[in-house]
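Some notes on the structure that comes next.
Number of protein chains: 2
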Amino acid sequence: MKRMKATVAYDGTHFEGYQSQPTGRTVQREIDRALRKLHKDDAIHSVASGRTDAGVHALGQVIHFDTPLSIPTDRWIVALNVLLPKDIRIVAVEEVDESFHARYSATGKTYRYKWSYEPVHSPFERNYSVWLGHLRPNLERMQEAAQHFIGTHDFTSYCSSKTGTDNRVRTITQLTIDRKGDELVMDVTGDGFLYNMVRTIAGMLIAVGRGWNEPEDISKIMLQKDRTKAGKTAPAHGLYLVRVDYENNDN
Amino acid sequence: MKRMKATVAYDGTHFEGYQSQPTGRTVQREIDRALRKLHKDDAIHSVASGRTDAGVHALGQVIHFDTPLSIPTDRWIVALNVLLPKDIRIVAVEEVDESFHARYSATGKTYRYKWSYEPVHSPFERNYSVWLGHLRPNLERMQEAAQHFIGTHDFTSYCSSKTGTDNRVRTITQLTIDRKGDELVMDVTGDGFLYNMVRTIAGMLIAVGRGWNEPEDISKIMLQKDRTKAGKTAPAHGLYLVRVDYENNDN
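Chains as they are written, first to last, in my numbering: chain A, 2 to 252; chain B, 2 to 252.
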């Protein structure tokens with residue numbers, strides 16, 4: 002058996018999230034169905050770096066799976082893409098050491114959140130960014146607030162109250178928020194993210210940008226360890242999983 | 002009554018075309034439904050510059066409608082967009098002279114056709130450009146071929162055989178095809194276009210680019226006035242109605 006690592010992009014609009022569940026269209030189900038077809042009905046199960054919610058997109062989700070097949074890596078891309086629906090694309094495949102695990106070997110992730118400054122939200126962007134409308138946030142305030150998220154903190158106030166993890170200490174190594182043309186783009190990199198953590202951070206930054214909170218509130222709320230103190234969770238369709246990092250990104 | 006001119010953008014993916022038909026979701030039906038709601042159930046019918054097929058997009062479709070309401074033009078945009086689904090957006094509204102007619106006053110149109118050079122077609126572009134795959138067309142040949150379409154010609158060979166018009170003479174004033182980043186973009190402006198004319202031209206240019214036809218075949222096939230001589234009609238989802246021109250674009 003060979004262990005293969007694949008990088009996957011998907012448009013999350015028409016999925017009920019990444020992970021297979023009893024009913025509903027999920028990214029994992031489609032990938033495992035394609036793998037099964039390619040393996041002549043042998044059930045091959047893929048493992049992802051983590052799940053994403055309904056509506057959340059990916060530019061660089063990472064999965065692994067084990068296979069008895071010997072296919073050159075560039076042919077893997079074509080063979081899987083022929084079998085996958087067009088809202089999921091395999092963008093890279095490589096053989097990795099059997100010790101590689103898409104989830105447990107991950108050392109960090111980068112997410113992006115996109116808002117639109119357009120006077121009228123383009124119909125082509127409706128599922129891919131969140132419209133700011135006529136209530137434009139103050140970018141400098143958001144940039145100031147963003148600094149308070151960087152570092153190692155207990156993010157209990159900034160993740161879903163449904164988070165199923167006791168240890169809510171995470172490290173954010175980078176968080177930038179900038180205007181790029183008609184878009185407001187937040188990029189955040191960390192060693193790991195709790196359930197809804199990026200969307201809660203995005204929602205909190207907007208709250209500061211609109212004057213509902215002060216930049217210093219970020220740290221105060223962090224210390225309270227209470228999700229109800231932070232603002233609204235930003236909508237799913239503005240969020241993208243951009244990249245998953247591994248110890249040695251060549252492996 | 003006031004006559005209003007509105008510019009409309011839509012993502013054609015989930016529409017069975019522009020024009021209302023007995024069943025199915027159409028852009029016209031959604032617009033007329035929004036107008037009706039705004040007019041407290043008075044049926045207001047919009048007239049468009051022309052129809053577009055299922056899957057075809059618009060950046061600048063133009064419609065007109067008559068209304069007894071006195072609403073400032075920027076409020077018209079907001080009022081209609083609140084009532085419309087998000088894959089249709091009103092981007093501009095202005096009051097025009099009652100002699101203005103979205104279809105009959107039009108003096109020209111510009112369409113765009115987009116292909117993708119991406120090694121793997123982005124899932125976010127799947128409905129918005131046509132993937133060229135691994136069979137890359139020769140751009141210089143396409144640009145040479147494009148010249149043969151410019152001018153006044155009988156376009157019988159380059160429109161659907163279902164075209165319901167006897168006069169198939171049209172004038173193309175501009176036709177450019179260029180690579181822009183990962184996209185191949187054709188922009189074509191003319192005094193009017195027959196049914197499927199832009200998609201037939203696009204399909205023919207690809208046939209030349211891939212070596213299935215020679216650039217000089219464009220004129221030869223034009224003279225034969227026979228649709229079966231030209232290549233395949235390019236898919237609907239690469240096509241955009243960009244702009245409709247009127248005698249005085251200020252009116």
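Using N, Cα and C, we set each Cβ at its ideal position, and we do this for glycine too.
Check                                                                                                                                                                                   : Outcome
Counting pairs of beta carbons, one from the region 168 to 175 of chain B and one from the region 191 to 206 of chain B, are three or more of them closer than 8 Å?                     : yes
With H, G and I counted as helix, E and B as strand and the rest as coil, what does DSSP make of residue 159 of chain A?                                                                : helix
Evaluate residue 22 of chain A with the Cβ neighbour count: other Cβ atoms within 10 Å of its Cβ, from every protein chain shown; 16 or more gives buried, anything less gives exposed. : exposed
I need the DSSP call for residue 117 of chain B, collapsed to helix, strand or coil.                                                                                                    : strand
Which residues, in order along the region 77 to 106 of chain A, keep a beta-carbon less than 8 Å from a beta-carbon of chain B?                                                         : 78, 82, 87, 88, 89, 90, 91 and 92
Mind checking if residue 127 of chain A is an interface residue toward chain B, Cβ cutoff 7 Å exclusive?                                                                                : yes
Check whether the Cβ atoms of residue 33 of chain A and residue 50 of chain A sit closer than 7 Å, and answer yes or no.                                                                : no
Less than 7 Å between the beta carbons of residue 162 of chain B and residue 196 of chain B, yes or no?                                                                                 : no
Whose C-alpha, out of B/11, B/5 and B/248, is nearest the C-alpha of residue 129 of chain B?                                                                                            : B/11
Is it a yes or a no for the region 213 to 222 of chain B touching the region 90 to 103 of chain B, going by three-plus beta-carbon pairs under 8 Å?                                     : no
From which residue to which residue does the beta strand (DSSP E) around residue 78 of chain B run?                                                                                     : No beta strand (DSSP E) holds residue 78 of chain B; the alpha helix (DSSP H) holding it covers 74 to 84.
With DSSP run on the structure shown, which of helix, strand or coil describes residue 58 of chain B?                                                                                   : strand
Do residue 115 of chain B and residue 186 of chain B count as a contact pair if the criterion is CB distance below 7 Å?                                                                 : yes
Tell whether a beta-carbon distance below 7 Å holds between residue 112 of chain A and residue 206 of chain A.                                                                          : no
Assuming the contact rule is C-beta atoms closer than 8 Å, residue 133 of chain A and residue 84 of chain A should be a hit. Round their C-beta distance to whole Å, please.            : Between residue 84 of chain A and residue 133 of chain A the Cβ distance is about 39 Å, and since that is not below 8 Å, they are no contact.
On the criterion of 16 or more Cβ atoms from any shown chain inside 10 Å, does residue 248 of chain B qualify as buried, or is it exposed?                                              : exposed
Residues in its own chain within less than 6 Å of residue 238 of chain A by CB, not counting five upstream and five downstream?                                                         : 56 and 128
With 7 Å set as the bound, which would you pick, yes or no: does the beta-carbon of residue 11 of chain A sit closer than that to a beta-carbon of chain B?                             : yes
Comparing alpha-carbon positions, which option in A/107, A/212 and A/76 lies nearest residue 64 of chain A?                                                                             : A/107
Counting only C-beta atoms, is residue 124 of chain A closer than 7 Å to chain B at any point?                                                                                          : yes
Quick check on DSSP: helix, strand or coil for residue 175 of chain B?                                                                                                                  : strand
Considering residue 38 of chain A, what are the terminal residues of the alpha helix (DSSP H) in which it resides?                                                                      : 28 to 39
Run through chain E and tell me which residues come within less than 9 Å of residue 199 of chain A, C-beta to C-beta.                                                                   : Chain labels in this structure do not include chain E; the protein chains are A and B.
Assuming residue 2 of chain A is part of the beta strand (DSSP E), what are its boundary residues?                                                                                      : It is not in any beta strand (DSSP E) - residue 2 of chain A carries neither H nor E in the DSSP assignment.
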